[in-house]
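Visitor: Take 1 as the starting number for the sequence shown in the numbering used here and just add one per residue. Glycine is no exception: its CB is placed at the ideal position from the N, C-alpha and C atoms. I have a structure here, written as structure tokens, and I will follow up with some questions on it.
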Amino acid sequence: MAASPEMTASVPICRKHKAPLGLYCVEMEELACEGCKEASGRKKYRFWTLREAAEEHKVVLRISRDKLLAKVKGHEKAQRVFSDMAKHLKSQAQQTERQIKDEFEILHRFLREEEEARIAALKEEEEQKRRTLKERIQGITEEKSSVSDTIKTIEQELEADDILFLQNYKDTVYKTWRSLQDQQCQPGVYKLMSKVSEMMKLPGQVHADTVQRMCKPHPEPEPITGGLIDVAKHLGNLKYRVWEKMLAIAPYSPVSLDPNTATFHLSLSEGLTSLKYCTDNPQLPDNPERFTSRAEMLGSRGFASGTHHWDVDVGDNTSWAVGVATQSVLRKGRNRGVGIVALRLDNGSYRVKTAHLPEQGRLRRVRVELDWNNGRVAFSDPVRNRPVADVSFPFTEPAFPYFYSSCEDHPLRIVPEKVSIAVGAPKQGESSALPGIYHWFW
């Protein structure tokens with residue numbers, strides 16, 4: 001190893017050989033003199049002039065500096081992206097909170113109106129049955145009063161002398177008949193039937209018929225069937241029936257759009273079910289999930305097994321694409337369709353990948369059917385119920401619904417699915433924590 005140098009003027013001097021250190025030992029990475037170069041221990045070492053060594057090492061440092069500068073630029077770019085994401089995050093949170101409140105207000109309003117309607121129905125039933133009971137009570141009260149008066153009359157006649165009793169007998173029996181009522185007459189009706197008047201004219205018939213009537217059981221007032229509130233009608237499965245009715249204001253969308261993947265050229269509906277081409281939105285951050293070159297985006301949920309389908313209303317849109325894209329699809333720069341299987345409308349003609357399709361007629365709605373396990377994507381026209389294209393594509397990663405639109409006048413809209421519900425017992429071999437199991441059919 002070379003001796004520590006001594007400084008003579010501006011040129012360092014080798015302490016061991018007392019000569020200027022005008023060379024650089026590559027292997028030892030230190031200054032050296034001619035004596036050091038000729039030393040027996042350094043015969044196989046390489047020695048450069050100071051200029052050569054300096055230039056060589058400056059190249060290394062320049063490369064390192066450039067890499068560090070690139071790293072700084074990368075950090076600055078990331079810093080800008082993260083800053084934009086932080087700002088957008090706050091805006092997203094506020095907007096999402098507002099939309100959540102709006103959606104729940106719709107549900108709350110529905111529930112309030114439903115509650116008011118059901119309470120009104122209860123009050124109406126209560127009033128109707130209360131009125132019926134009041135009328136019956138009033139009728140029975142009047143009838144009871146009439147019977148009591150008849151009893152008093154009979155008791156008075158029973159105390160009278162025989163001549164007066166017999167003279168008033170027919171009138172007393174007449175009142176008695178009215179109070180007892182014929183079993184064929186409706187209870188509570190004080191109307192003398194015409195046949196009673198006829199009997200009064202027949203000799204001996206009044207006494208005989210009265211005896212016969214006394215032997216018959218006297219009818220009680222008819223009971224009121226269904227006179228109480230039908231509680232089961234109002235409370236039975238109440239939450240389920242309200243929830244089932246709520247489906248009318250809560251449509252189910254098989255696909256929800258992911259706004260974090262939408263390029264700057266797309267605007268989405270608040271329900272995340274439709275997209276439309278628009279001018280650039282510079283407020284969106286350039287997060288990793290976002291497409292940046294074409295007006296395209298993905299659905300929020302990917303599929304890694306099974307079969308799935310969804311309908312897209314393309315309407316009068318003149319430039320669109322719908323299909324599926326793999327999770328690793330290139331999102332920055334032009335991806336040239338790698339990892340995407342989509343049906344496209346370009347310049348008035350339909351194509352899948354690079355293959356143009358035969359004349360289809362105007363498609364206004366497209367159904368996308370994904371069979372992930374069998375590597376198949378099919379497109380069809382659900383309006384006319386006919387196939388359009390069938391593509392084989394072996395999937396090795398999750399596939400996401402894919403959408404593209406460059407038409408400013410008309411959006412693409414995901415068609416909500418109709419939901420039907422069947423309630424029944426579990427099938428043999430199935431288990432359920434509930435006494436009944438809900439079957440959903442989309």
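What would DSSP say about V383, mapped onto helix, strand or coil?
Guide: Here V383 sits in coil by DSSP.
Visitor: Kindly indicate which three-state DSSP category M28 falls into: helix, strand or coil?
Guide: Reduced to three states, the DSSP call for M28 is coil.
Visitor: Bridge partners for T307 per DSSP, in chain order?
Guide: According to DSSP, which records beta bridges pairwise, T307 is partnered with D371.
Visitor: Hey, quick one: how far does the beta strand (DSSP E) through F47 stretch, first residue to last?
Guide: Start and end: 47-49.
Visitor: Could you tell me whether the stretch 402-409 touches the stretch 271-279, where touching means 3 or more Cβ pairs closer than 8 Å?
Guide: Taking 8 Å as the limit for Cβ pairs, the verdict is that the stretch 271-279 does touch the stretch 402-409.
Visitor: Per DSSP, S392 forms a beta bridge with which residues?
Guide: For S392, which the question treats as bridged, DSSP gives the partners R376.
Visitor: Using a Cβ-Cβ cut-off of 8 Å (strictly less than) and excluding sequence neighbours within five positions of L68, which residues of its own chain qualify?
Guide: If we look at L68 and ignore the five residues flanking it on each side, it has no Cβ neighbours.
Visitor: Pop quiz: A321 and R290 are said to be a contact at Cβ under 8 Å. What is the actual Cβ separation, rounded to whole angstroms?
Guide: No, A321 and R290 are not in contact; Cβ-Cβ is about 18 Å, not under 8 Å.
Visitor: Do K144 and G227 have their C-beta atoms closer together than 8 Å?
Guide: Taking 8 Å as the Cβ cut-off, K144 and G227 do not qualify as a contacting pair.
Visitor: Select from M85, H356, A342, A422 the residue whose C-alpha is nearest the C-alpha of F393.
Guide: For the residues M85, H356, A342, A422, the minimum Cα distance to F393 belongs to A342.
Visitor: Buried or exposed: which applies to V60, given that a residue is buried once 16 or more other Cβ atoms fall within 10 Å of its Cβ?
Guide: When all chains shown are included, V60 counts as exposed.
Visitor: Considering I414, what are the terminal residues of the beta strand (DSSP E) in which it resides?
Guide: Looking at the DSSP string, the run of the beta strand (DSSP E) that includes I414 is 412-414.
Visitor: Distance check for E155 and E142, CA to CA, integer angstroms please.
Guide: E142 and E155: Cα-Cα distance of roughly 20 Å.
Visitor: Taking T96 as the reference, which of S269, A19, H308, P254 has the closest Cα?
Guide: The option with the nearest alpha carbon to T96 is S269.
Visitor: Quick check: what's the CA-CA separation for A39 versus E27?
Guide: Approximately 14 Å, taken between the alpha carbons.
Visitor: At the level of alpha carbons, what is the spacing between P251 and F110?
Guide: So the two alpha carbons sit approximately 14 Å from each other.
Visitor: Rounding to the nearest angstrom, what Cα-Cα distance links C36 and R65 in this structure?
Guide: Rounded to whole angstroms, C36 to R65 spans 33 Å at the Cα level.
Visitor: Determine the contact status of V338 and V329, defining contact as a CB-CB distance below 8 Å.
Guide: Contact: yes.
Visitor: Roughly how many angstroms lie between the CA atoms of F395 and N373, to the nearest whole one?
Guide: Distance between the alpha carbons of F395 and N373: 8 Å.
Visitor: Counting along the chain, where does the alpha helix (DSSP H) carrying G35 start and finish?
Guide: It spans 34-38 - the alpha helix (DSSP H) in which G35 sits, taken as one unbroken run.
Visitor: What number of angstroms, rounded off, separates the C-alpha of F303 from the C-alpha of A53?
Guide: When rounded, the distance between both Cα atoms is 60 Å.
Visitor: Classify F104 as buried or exposed, calling it buried when 16 or more other Cβ atoms lie within 10 Å of its own Cβ.
Guide: By the 10 Å Cβ count, F104 comes out exposed.
Visitor: Which whole runs of the beta strand (DSSP E) in the stretch 131-163 are 3 residues long or more, in chain order?
Guide: Whole beta strand (DSSP E) segments, 3+ residues: zero.
Visitor: For V11, I'd like the list of residues in its chain whose CB is within less than 7 Å of its CB, leaving aside the five on either flank, ordered along the chain.
Guide: P20, listed in sequence order.
Visitor: What is the rounded straight-line gap between the Cα of L89 and the Cα of C25?
Guide: Near 57 Å, if we compare the C-alpha coordinates of C25 and L89.
Visitor: Kindly indicate which residue of K16, V231, D286 has the alpha-carbon position closest to the one of R331.
Guide: The residue with the shortest Cα to Cα distance from R331 is D286.
Visitor: Hey, quick one: how far does the alpha helix (DSSP H) through V11 stretch, first residue to last?
Guide: First-last for V11: 11-14, but that is the beta strand (DSSP E), not the alpha helix (DSSP H).
Visitor: In its own chain, which residues sit with a C-beta less than 6 Å from the C-beta of Q283, not counting the 5 before and 5 after it?
Guide: Here the set comprises nothing.
Visitor: Could you tell me which residues DSSP pairs with I340 in its beta bridges?
Guide: DSSP, once it has assigned bridges, lists A325 as partnering I340.
Visitor: Whose C-alpha, out of R131, F400, M246, is nearest the C-alpha of S305?
Guide: Comparing Cα-Cα distances from S305 to each of R131, F400, M246, the minimum goes to F400.
Visitor: Going by Cα to Cα distance, which pick from R334, N260, G348, S256 is closest to H309?
Guide: With distances taken between Cα atoms, H309 lies closest to S256.
Visitor: To the nearest angstrom, how far is it from the Cα of S349 to the Cα of V366?
Guide: Those two C-alpha atoms are separated by around 15 Å.
Visitor: Could you give the residue range of the beta strand (DSSP E) that holds E359?
Guide: Segment: none, E359 is in no beta strand (DSSP E) and carries neither H nor E.
Visitor: From I414 to Y402, what does the alpha carbon distance come to, in whole angstroms?
Guide: About 12 Å.
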